[in-house]
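S.K.: I'd like to ask you about the structure that follows.
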Amino acid sequence: MGDPKRCLLLVDLQNEFLSPTGNFPIAETWQLALLENVSKAVRDFRASGDAVCWVRSEYTTGKTVPPDSDFLRRTHTGMTPCCEPNSVGATFPDSITALQAAQDLVLTKTWYSAFTDTALQDELTARGITNVYIGGLLTNVCVRATAEGAHALGFPVTVLEDCSGFRKYRSHKQALSQMQEQGIQVAMRHEVLGTPLQEPALYYVNGSIPSWRVLMALYEKEISFTPIRLKVMSDPKETRSPAFLRLNHRGKTPVLVDPLPRTDDSTETEKVIINESIATLQYIEMYYRPDKPLLPPISERGARALVLARIQETENLHNIYDVLEDTHFERERSGEPLDPEERAMLAANVHAELDYWEVYATGSAYIAGDEFGLADCAFFPQLAYMLHRGFDWERPVKERLGARRDPDAWPHLRAYFERVWEQKGCAKRAQPAGWDQRGKVNVWRGKG
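Written out as structure tokens, the structure is:
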């Protein structure tokens, strides 16, 4: 094989952004997905004989730049230190150094762009690189500055969307759009090699309960997949695009696209498309990782039937809660907030449904037995979602406004939630990006 003509350029994957003690950490949820995608990209580029370059930043606090200079042509000038020389924040975390190889190029920059005051252009030219693929941190700052720098030098540039991280999703998407307007390509990792996707792809919406369910199952079973996040706060919604509607005519997520193994005489990859979260959970369990089951053995009919029933029952809570949330937002849009008595009545309906689940949580460690399973993947996101929207573990002793509050309304359910969160890594990995804190909207008390 000849000299590689392509280079994977990974920017600023340093502790300042990837460690919880860094000064500018990205959300843990997105960090896990980012590192997984970067790892796959490195593997793919090496497998095809392409080059990999790791760029790290070192910024000296207090450095000044001309006030009229373009932001992306600058360097870090804030009072909060960022990647200071000889600091822990400037180093690569172990998860990144484990991906590096002796033949990789490692380069230090002092400006946002990796091409400013560095030998990067000369290094790429010397290695015969003709095309540059960029990922890393942050999409709207150093990734964009580096991509525009490469583009200005005449390199064909592709930014890998799922290998680029952010602190604010809106800034991430805006930067991708702005780069595309300048002629810079934006693509997903699996699209870059020009080969059919050989792992399932999940189209999902951040913060969607159905999407969250499937993400938990994929992470718990340790299934390698390509996450494709769609925006629904845009106009038009990405879930209403013609391409997505061909996958799901209802325009809803999640959608799992599962490529089937090729046969000797096949000319293209056949795919199975699965819609609806509960159906997708059962499909994943049936066809993936039998060594990591989330259902009891088929021989244990009673236990298996209980799990399947619990999975279906989660729709009761989902539907009852949706009435509260939908009514809240409808009244907010009309300019006439929900009447407190009506809100209390709708909340009481949810509380009554939770009473059933409190009984279930009393009898076992998890929601359908003493082992974490598919029912937990279906139920936990609903509980976590309600907490994000302002749900309080304390409720009025009598379901009416102004009543005294009972601190032990659902103690076993609360213990269950904490158990899953603390003991199951899939819960943290599947948590929606930006949901580390409670949301600004509180549908239970009428805020937002």
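Residues 497 to 944 in the numbering used here are what the sequence shown spells out, letter by letter. The beta-carbon is built from N, C-alpha and C at its ideal position, and this holds for glycine as well. None of the values given here were measured: they were computed from a predicted structure.
Using alpha carbons as the reference points, say which of Phe876, Ile592, Leu505 lies closest to Met712.
M.R.: For Met712, the nearest C-alpha among the options comes from Phe876.
S.K.: Rounded to whole angstroms, what's the CA-CA distance from Cys549 to Ala610? Just pull it up for me.
M.R.: Rounded to whole angstroms, Cys549 to Ala610 spans 11 Å at the Cα level.
S.K.: In three-state DSSP terms, what is Val602?
M.R.: Strand at Val602.
S.K.: Below 8 Å between beta carbons: does that hold for Lys727 and Lys788?
M.R.: Taking 8 Å as the Cβ cut-off, Lys727 and Lys788 do not qualify as a contacting pair.
S.K.: State the DSSP-derived secondary structure class of Ile625, mapped to helix, strand or coil.
M.R.: Coil at Ile625, not helix or strand.
S.K.: Hey, would you say Gly930 sits closer than 8 Å to His884, going by beta carbons?
M.R.: Cβ atoms of Gly930 and His884: not closer than 8 Å.
S.K.: Looking at the secondary structure, which residues open and close the alpha helix (DSSP H) in which Ala586 lies?
M.R.: It is not in any alpha helix (DSSP H) - Ala586 carries neither H nor E in the DSSP assignment.
S.K.: What does a CB cutoff of less than 6 Å around Pro792 pick up in its chain, not counting 5 residues either side in sequence?
M.R.: Ala799, Arg800.
S.K.: Taking the beta carbon of Leu756 as the centre, do at least 16 other beta carbons fall within 10 Å, making it buried, or is it exposed?
M.R.: The residue in question, Leu756, is exposed, as its Cβ has fewer than 16 Cβ neighbours within 10 Å.
S.K.: With 16 other CB atoms within 10 Å as the buried threshold, where does Lys943 fall?
M.R.: Exposed.
S.K.: What are the start and end residues of the beta strand (DSSP E) that includes Pro719?
M.R.: The sequence shown places Ile at residue 719, rather than the Pro named in the question. Looking at the DSSP string, Ile719 is not in any beta strand (DSSP E), and its letter there is neither H nor E.
S.K.: Tell me which residue opens and which closes the beta strand (DSSP E) that Trp550 is part of.
M.R.: Note, Trp550: beta strand (DSSP E), 547 to 553.
S.K.: Can you give me the Cβ contacts of Glu854 inside the same chain, cut-off strictly under 7 Å, excluding the 5 residues immediately before and after it?
M.R.: Contacts found: Trp906, His908, Leu909.
S.K.: Which residue comes first and which comes last in the alpha helix (DSSP H) that contains Leu656?
M.R.: Taken as a continuous stretch (DSSP letters only), Leu656 belongs to no alpha helix (DSSP H), being part of the beta strand (DSSP E) at 653 to 660.
S.K.: Provide the residue span of the alpha helix (DSSP H) that contains Ala683, from first to last.
M.R.: Run containing Ala683: none in the alpha helix (DSSP H); it sits in the beta strand (DSSP E), 681 to 683.
S.K.: Where Gln596 and Ser583 are concerned, what is the direct C-alpha to C-alpha distance, given to the nearest angstrom?
M.R.: Approximately 20 Å between the Cα atoms of the pair.
S.K.: How about Arg502 and Asn627: do their beta carbons lie closer than 8 Å?
M.R.: Going by C-beta atoms, Arg502 is nearer than 8 Å to Asn627.
S.K.: Threshold first: 3 residues or longer. Then list the beta strand (DSSP E) segments lying entirely within the stretch 744 to 783, N to C.
M.R.: Here the runs fully enclosed are 751 to 755, 767 to 771.
S.K.: When burial is assigned at 16 or more other CB atoms within 10 Å of the CB, is Met497 buried or exposed?
M.R.: Confidence at Met497 is low in this model, with a pLDDT of 41, below 50, so its placement is unreliable and the value that follows should be read with caution. That one is exposed.
S.K.: So if DSSP puts Leu506 in a beta bridge, which residue, or which two residues, is it bridged to?
M.R.: For Leu506, which the question treats as bridged, DSSP gives the partners Trp550, Gly631.
S.K.: What does the alpha-carbon distance come out to for the pair Gly898 and Gln927?
M.R.: Residue placement at Gly898 is poorly supported in this model, since its pLDDT is 47, which falls under 50; the coordinates still yield a value, given next. Computed Cα separation, rounded: 33 Å.
S.K.: Does Ala857 pass the burial test, meaning 16 or more other C-beta atoms within 10 Å, or should it be called exposed?
M.R.: Buried: at least 16 other Cβ atoms inside 10 Å.
S.K.: In angstroms with no decimal places, state the Cα-to-Cα distance between Thr749 and Ser707.
M.R.: Taking the straight line from one Cα to the other gives about 6 Å.
S.K.: According to DSSP, what are the bridge partners of Lys943?
M.R.: Answer is Asn938, bridged to Lys943.
S.K.: How many whole angstroms separate the CB atoms of Gly585 and Gly650, which I take to be in contact at a CB cut-off of 8 Å?
M.R.: Not a contact, Cβ separation roughly 33 Å.
S.K.: List the endpoints of the continuous alpha helix (DSSP H) containing Tyr862.
M.R.: That residue, Tyr862, is in no alpha helix (DSSP H); it is neither H nor E in DSSP.
S.K.: Measure the alpha-carbon distance for Ser667 versus Gly631 and round it to whole angstroms.
M.R.: If you take the alpha carbons of Ser667 and Gly631, they lie about 15 Å apart.
S.K.: Find the nearest neighbour of Asp754 within the set Arg746, Ile774, Phe740, Thr722, judged by alpha-carbon distance.
M.R.: Ranking Arg746, Ile774, Phe740, Thr722 by Cα distance to Asp754 puts Thr722 first.
S.K.: For the pair the stretch 827 to 841 and the stretch 668 to 683, tell me if three or more CB-CB distances fall below 8 Å.
M.R.: Verdict: no, contact absent.
S.K.: Within this structure, are the beta carbons of Gln510 and Arg552 separated by less than 8 Å?
M.R.: Their beta carbons are under 8 Å apart, which means Gln510 touches Arg552 by this criterion.
S.K.: If we call anything under 8 Å between Cβ atoms a contact, is Ile774 one with Leu752?
M.R.: Cβ atoms of Ile774 and Leu752: not closer than 8 Å.
S.K.: Can you tell me whether Ile625 is buried or exposed, with buried defined as 16 or more other CB within 10 angstroms of its CB?
M.R.: That one is buried.
S.K.: By the three-class DSSP mapping on this structure, what secondary structure does Tyr912 have?
M.R.: Helix.
S.K.: Less than 8 Å between the CB atoms is what I'm expecting for Val639 and Ser673, so what's the real figure, rounded?
M.R.: Their Cβ separation, rounded to whole angstroms, is 14 Å, which puts Val639 and Ser673 out of contact at 8 Å.
S.K.: At what residue ranges does the stretch 786 to 815 contain a whole run of the beta strand (DSSP E), taking only runs of 3 or more?
M.R.: For the stretch 786 to 815, not a single whole beta strand (DSSP E) run of length 3 or above is found.
S.K.: Candidates Pro738, Val701, Gln694: which alpha carbon is nearest Ser720's?
M.R.: Residue Gln694 is the option with its Cα nearest to Ser720.
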